[in-house]
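The block underneath contains the structure these notes are about, expressed in structure tokens.
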Amino acid sequence: MPKKYIRVCPECSSTDTQPDMSADSYAKGLLNSWRCNNCGYTGLFFPEYTSEDAKKIKEKK
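Each position in the sequence shown, counted from 1, maps to that position plus 28 in this note's numbering.
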């Protein structure tokens, strides 16, 4: 069974993330930008971890 990967916010370690579909993002040409729904951080780099590793990271913070 393949492992499931989850994107994690680099600022707050939340897994509640989604692609940034805001008008500002499109105006800047950042079509692969991501947004954290927890802290509002937006950026291109949102690391992906397995669900087990994501839980460990969240527990540390």
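All residues carry an ideal CB built from backbone N, CA and C; glycine is no exception.
Residues bridged to residue i (per DSSP)
{"i": "TYR77", "result": "ILE34"}
{"i": "CYS64", "result": "THR45"}
{"i": "GLY71", "result": "TRP62"}
C-beta contact flag for residue i and residue j at 9 Å
{"i": "PHE73", "j": "CYS64", "result": "no"}
{"i": "ASN66", "j": "SER42", "result": "yes"}
{"i": "TYR69", "j": "GLU39", "result": "yes"}
Neighbourhood of residue i by C-beta, 7 Å cutoff - its chain only, sequence neighbours within 5 removed
{"i": "ILE34", "result": "THR43, GLU76, TYR77, SER79, ALA82"}
Inter-residue CB distance, residue i and residue j (contact presumed, cutoff 8 Å)
{"i": "ASP48", "j": "TRP62", "result": "6 Å"}
Close-in-space but distant-in-sequence residues of the same chain around residue i (CB under 6 Å, 5 per side omitted)
{"i": "LYS32", "result": "SER79"}
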